[in-house]
Structures are given as C-alpha cells and as structure tokens.
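To start, the structure itself, in structure tokens.
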Amino acid sequence: MEPQQPDVILATRTALSQASALAVQYSFSIVGALVLLCAGWLIARLLHNWAYAGLKRVHGIDETLARFFSNIIRYALLVLVFVTVLGQFGVQTASIIAALGAAGLAIGLALQGTLQNIAAGIMLLVLRPFRVGESIETSSVAGTIREIGLFATELVDSDGVYRLAPNSTLWNTPVRNFSRLPTRKHDLTISIPADQDIDEAMQKLLDIARGNDTVLKTPAPSVFIAELSGDDATVTLRYWVSTPNWWATTRSMLKRVKDEFAVKPEPEAPRDEDRGDGPGPFDA
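Take the sequence shown: its position 274, counting from 1, is numbered 602 in my numbering, and each next residue is one higher.
This is the structure in structure tokens:
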C-alpha cells in the first residue's frame with residue numbers, strides 16, 4: 329500500500345494544477361461574460377424604453393403595437409448578447425444560430441394561424457379601419473368594438489352579447505363602419521293612395537323633417553316619388569342626421585309620419601347599413 333501513496337499525491341497535485349490553470353484561463357472569460365451580460369441587459373432595456381417612447385409619438389401607432397415592437401427589439405438584443413457570451417467560452421455559435429433558425433421555422437409553421445392573426449392585428453392597429461367604441465359590420469360579425477388586440481378583437485353586438493373575432497377574419501373581409509363619418513342618411517318611404525293629394529303629402533313630409541331639430545339643414549331634406557303602382561305612388565323622404573343621433577331620430581321620424589298620415593309606413597327592407605344599430609348596452 330505504501331508505494332501507491334506517491335502516485336495518489338502526484339495525481340492530486342496534477343489535478344489541482346490543471347484546475348488552477350483552467351480557472352486562470354477562464355477567469356477573464358467569465359468576468360467578460362458577466363460584464364457583457366450586464367451591459368447587454370442595460371442596453372436592451374434602454375433601447376426598449378427609447379423605442380416605446382418613439383413609437384408612442386408616431387401618429388396612428390396604437391399602444392399595444394408600440395409595446396409589441398419595443399419588446400421584439402429588447403428580446404432580439406438579449407438573444408444576441410446570449411449568443412455572444414457563449415462565443416466567449418469557445419462554443420460554436422454558428423450551430424446555435426442555425427438551431428434557433430430551425431426552431432423559429434418550426435414554431436412558425438406550427439403557429440401559422442396565430443401568426444396570421446398577429447399580422448392582421450398589426451395591420452388593423454396601424455391602418456385603423458375601426459377604433460374602440462365604433463360600430464362595425466362584416467360578413468361574419470357585427471357590433472361595437474370593445475378592444476383590439478394582437479390576436480383577436482372583442483365586440484358587443486346589439487343584443488348585448490360578447491363576441492371575440494380573430495383578427496384575420498376582420499382584416500380579410502370588407503368592413504362597414506357606421507360610426508366613422510359624422511353624418512348618416514336615412515330614407516323613409518310611404519305609400520300615398522290615389523285619393524290623396526301627392527303634392528300636399530310631399531310638403532307634409534318636408535315639414536316634418538324641417539321641424540325636427542336633429543335633422544340636418546345641410547344637406548337639406550328632400551322628397552321624391554320613388555315608385556308608381558297603378559294610381560298609388562310611393563314617396564321617399566331623404567334626410568341626413570348626425571351619426572350619434574341617427575337611431576333616435578329615425579325612430580322618432582317614423583312615429584311622426586305614422587301619426588301625421590294615419591297610415592302605417594311601408595316596412596323597410598333590411599339593409600346592411602341598419603344592422604348593428606339597435607338599442608343595446610353600447611348605445612348611450
């Protein structure tokens with residue numbers, strides 16, 4: 329047993345000397361990596377705040393979009409710093425970058441629908457075809473906008489029902505915005521029997537429109553014969569109303585015409601522009 333002790337001591341000394349050599353060799357790399365990590369984290373945070381503040385000042389950029397792009401800048405810089413730190417220790421960063429690219433491609437293919445909604449959400453936030461509080465209608469959904477997110481848009485319909493629409497369905501279809509423009513038109517149509525004076529009836533309709541304070545004077549209300557059916561005539565009263573007063577004014581005008589002529593106005597065919605405007609929790 330005694331001849332083995334010098335070998336053990338020699339092996340221990342050799343291991344300690346190698347460990348100290350490695351510690352000296354990598355100490356500078358470790359210190360440099362720590363400095364690089366701290367500096368990278370600080371610069372990434374500063375760039376994040378700078379990008380967010382700059383995007384907030386750009387007209388038409390939503391806060392959600394500003395946060396999204398500023399976070400992308402921050403995390404992209406942190407990934408770059410991490411790869412650079414690994415290079416300090418002799419790690420082949422080319423293979424890491426290739427692996428990250430392959431992983432990003434696989435994630436992109438797996439989340440193709442989600443990424444499509446994100447891209448559509450970015451376009452909706454930049455171009456703003458509708459804003460929070462506006463009433464819209466598409467081929468698949470109608471209601472008042474409650475929130476526009478990166479993945480989906482929240483709405484409340486005229487029945488007070490909550491709806492969640494993926495952004496891709498709103499971006500890839502025509503959108504009718506009932507709240508964007510300041511004024512809206514309304515056509516009120518009634519039938520005038522042959523035994524009534526049509527000129528007098530048309531004048532009554534004009535007087536009703538002009539006597540309503542919420543009916544706009546410009547463009548001025550107009551009355552015209554829309555259709556003839558035998559001896560009867562179908563007359564249309566066309567007038568314009570400010571968008572916030574459209575619903576209340578059109579309902580009150582129907583009642584006034586009904587009371588004045590003592591006849592029931594012809595039911596209007598459902599039109600796209602009238603959908604989504606019924607009284608609901610979002611009609612103030």
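Beta carbons: idealized from backbone N, C-alpha and C, even for Gly.
query                                                                                                                                                                        : result
Please tell me whether T481 and A493 are closer than 8 Å, where the distance is taken between their beta carbons.                                                            : yes
So for K513, helix, strand or coil by DSSP?                                                                                                                                  : strand
So what does DSSP say about G360, is it helix, strand or coil?                                                                                                               : helix
Please name the residue, chosen from W369, L478, L383 and I520, that lies closest to V407 on a Cα-to-Cα basis.                                                               : W369
Pull up the DSSP beta-bridge partners for V569, would you.                                                                                                                   : R512 and V543
Do S398 and L374 have their C-beta atoms closer together than 8 Å?                                                                                                           : no
Less than 8 Å between the CB atoms is what I'm expecting for S519 and D560, so what's the real figure, rounded?                                                              : 6 Å
Count the other C-beta atoms from every protein chain shown that fall within 10 angstroms of the C-beta of V460, then say buried if there are 16 or more, exposed otherwise. : exposed
Using 8 Å as the threshold, is the C-beta distance between R584 and D515 below it?                                                                                           : no
Let me confirm a value: R579 is counted as buried when at least 16 other C-beta atoms fall within 10 Å, else exposed. Which label applies?                                   : exposed
Please state whether DSSP places F615 in a helix, a strand or coil.                                                                                                          : In this structure the chain extends from 329 to 612, so residue 615 is not present and cannot be described.
To the nearest angstrom, how far is it from the Cα of A379 to the Cα of I400?                                                                                                : 10 Å
Using DSSP with H/G/I as helix, E/B as strand and the rest coil, what is V563?                                                                                               : strand
Identify the residues that DSSP records as bridge partners of P494: which are they?                                                                                          : A480
Give me the Cβ distance between L533 and W499, rounded to the nearest whole Å; I'm assuming they're in contact under 8 Å.                                                    : In fact, because the Cβ distance is near 42 Å, the residues do not count as touching under 8 Å.
Tell me S580's beta-bridge partners as DSSP assigns them.                                                                                                                    : Partner(s): none; S580 has no beta bridge.
DSSP has L470 in a bridge; who is on the other side?                                                                                                                         : The amino acid occupying residue 470 in the given sequence is Ala; Leu does not appear at that position. A470 pairs with E465.
Rounded to a whole number of angstroms, what is the C-alpha to C-alpha distance between E391 and A537?                                                                       : 43 Å
Measure the C-alpha to C-alpha separation of N377 and S467 and round it to an integer number of angstroms.                                                                   : 40 Å
Can you tell me which of the three DSSP states S486 falls into?                                                                                                              : coil
In the DSSP assignment, find the unbroken alpha helix (DSSP H) run with Q531 in it and report its ends.                                                                      : I526 to R538
Does DSSP put S507 in a helix, a strand or coil?                                                                                                                             : coil
Is it the case that the Cβ atoms of N629 and N573 are separated by a distance below 8 Å?                                                                                     : Beyond the ends of the chain as shown, which are 329 and 612, falls residue 629; an answer cannot be given.
Nearest CA to the CA of L564: which residue from V409, I526 and D541?                                                                                                        : As written in the sequence, residue 564 is Thr, which differs from the Leu given in the question. The candidate whose alpha carbon is nearest that of T564 is I526.
For I446, which residues does DSSP report across the bridge?                                                                                                                 : In the DSSP output, where bridge partners are listed per residue, I446 has none listed.
Note down, in chain order, each residue of its chain lying with its Cβ closer than 7 Å to the Cβ of V413, except the 5 sequence neighbours on either side.                   : A361, L364 and L365
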